[in-house]
Amino acid sequence: MITRINSSQRMSQAVKHNGIVYLAGQVGTAGDSVAQQTRQCLQKVENLLSDAGSSKSQILQAIIWLDDMADFNEMNQVWDSWMTQANAPARATGEARLANPDLKVEIIVTAACAQ
Amino acid sequence: MITRINSSQRMSQAVKHNGIVYLAGQVGTAGDSVAQQTRQCLQKVENLLSDAGSSKSQILQAIIWLDDMADFNEMNQVWDSWMTQANAPARATGEARLANPDLKVEIIVTAACAQ
Amino acid sequence: MITRINSSQRMSQAVKHNGIVYLAGQVGTAGDSVAQQTRQCLQKVENLLSDAGSSKSQILQAIIWLDDMADFNEMNQVWDSWMTQANAPARATGEARLANPDLKVEIIVTAACAQ
């Protein structure tokens with residue numbers, strides 16, 4: 013069974029299947045700082061994981077896209093204060109322009125969840 | 013058990029394992045318009061999903077790479093006419109140069125399938 | 013149950029859950045050639061898969077980021093000599109700047125593994 017959360021014609025913000033939840037790429041508020049946008053992304057991730065019966069302690073993989081790799085340290089400061097070693101997922105970070113030039117970071121999460 | 017579909021030395025176009033099918037990044041015909049290439053990608057996705065015992069109603073996640081984010085709306089018009097709210101996957105779109113400079117869009121799909 | 017391998021505050025190099033292992037993006041030695049970095053990435057992938065009770069014959073999906081798509085052929089020569097048609101995963105390659113400007117290639121692997 014596939015369960016979709018917050019769906020539009022284009023995409024669902026989360027899709028659950030067989031104990032895994034796949035989140036749409038989450039972004040913050042265009043124009044805010046990298047740190048602010050990272051915090052907003054991670055809050056949205058937490059909210060969607062909660063809606064899916066999961067939590068940030070169950071993230072399996074995170075793919076991070078930065079508009080500018082020069083923002084790597086600023087993003088990581090927020091990430092590192094949010095994550096703990098006991099819960100740390102597999103992660104990869106690459107540079108990619110995002111849908112809006114004022115978006116600085118997008119985070120794509122896959123997590124374990126209740127069946 | 014792992015089942016591979018359309019394999020070469022380099023990659024398989026689809027790999028099935030435990031009720032999930034992972035598709036290779038699908039591209040259209042180099043030099044065609046963004047809309048045309050998007051339609052070609054999505055047709056290839058449908059064909060591979062069919063080969064794997066899946067369908068576009070079972071897509072869990074789609075990662076879209078655009079050569080130029082200025083093509084976002086043109087790609088979305090094709091996507092939106094192809095997708096329905098009831099089936100919409102988690103999705104993320106970033107800008108990335110592709111293997112050939114005349115390729116405008118690449119779509120990477122993960123879907124549920126028959127075991 | 014989630015099992016994490018080589019974890020730091022920021023990320024784990026591998027995360028196992030329900031017969032799947034998700035690897036962090038693997039990179040080689042900054043400043044080495046594309047061929048050398050690709051070999052180093054693939055050796056790290058093999059080592060992590062071994063640690064997770066998996067192997068390169070069980071890779072389901074590989075996402076490859078190249079700093080410069082002009083290096084596509086050089087990367088592929090190493091990849092093709094490492095992979096076999098019987099084991100070939102779904103694969104996608106896009107261009108993305110990486111965390112360090114002297115890193116030329118990053119490989120993100122998902123594989124089947126012992127439960």
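Protein chains in written order, with this note's numbering: chain F, 13 to 127; chain A, 13 to 127; chain C, 13 to 127.
Virtual Cβ for every residue (Gly too), placed ideally from N, Cα, C.
Residues bridged to residue i [DSSP beta-bridge criterion]
{"i": "Gln38 (chain F)", "result": "F:Ile119"}
{"i": "Arg51 (chain F)", "result": "Arg51 (chain F) is not bridged to any residue."}
{"i": "Ser24 (chain F)", "result": "F:Ser19"}
{"i": "Thr96 (chain F)", "result": "Per DSSP, none; premise fails for Thr96 (chain F)."}
{"i": "Ala124 (chain A)", "result": "A:Ile32"}
{"i": "Arg109 (chain C)", "result": "Looking at the DSSP assignment, Arg109 (chain C) forms no beta bridge with any residue, so it has no partner."}
Neighbour list for residue i in chain A, Cβ cutoff strictly below 7 angstroms
{"i": "Ala110 (chain F)", "result": "In the sequence under discussion, the amino acid at residue 110 (chain F) is Leu, which differs from the Ala named in the question. Within 7 angstroms Cβ-Cβ: Gly106."}
Where residue i meets chain F, residues with beta-carbon distance less than 8 angstroms
{"i": "Glu118 (chain C)", "result": "Ala104 and Gly106"}
Within chain C, partners of residue i - CB distance below 7 angstroms
{"i": "Gln97 (chain F)", "result": "Ser19, Ser20 and Gln21"}
Any chain A beta carbon closer than 8 angstroms to residue i
{"i": "Trp91 (chain C)", "result": "yes"}
{"i": "Met13 (chain C)", "result": "no"}
Where residue i falls, given that 16 or more other Cβ within 10 Å makes a residue buried
{"i": "Ala98 (chain C)", "result": "exposed"}
{"i": "Gln127 (chain F)", "result": "exposed"}
{"i": "Gln89 (chain C)", "result": "exposed"}
{"i": "Pro113 (chain C)", "result": "exposed"}
{"i": "Asp79 (chain A)", "result": "buried"}
{"i": "Met95 (chain F)", "result": "buried"}
{"i": "Thr41 (chain F)", "result": "exposed"}
{"i": "Thr122 (chain C)", "result": "buried"}
{"i": "Ser19 (chain F)", "result": "buried"}
Proximity test, Cβ basis, 8 angstroms: residue i and chain F
{"i": "Ala100 (chain A)", "result": "yes"}
{"i": "Met87 (chain A)", "result": "no"}
Cβ-heavy atom distance, residue i to the ligand GTP, below 7 angstroms
{"i": "Ala123 (chain F)", "result": "The ligand GTP is absent from the structure shown, which contains no ligands of any kind."}
Residues that residue i contacts on chain C, provided the C-beta gap is smaller than 8 angstroms
{"i": "Ala124 (chain F)", "result": "Ile14, His29 and Asn30"}
Legend entry - Proximal residues, the segment 48-78 of chain C versus chain F, C-beta separation under 9 angstroms: Ile75 and Trp77
Legend entry - Contacting positions in the segment 16-38 of chain A - beta carbon closer than 9 angstroms to chain F: Asn30, Gly31 and Ile32
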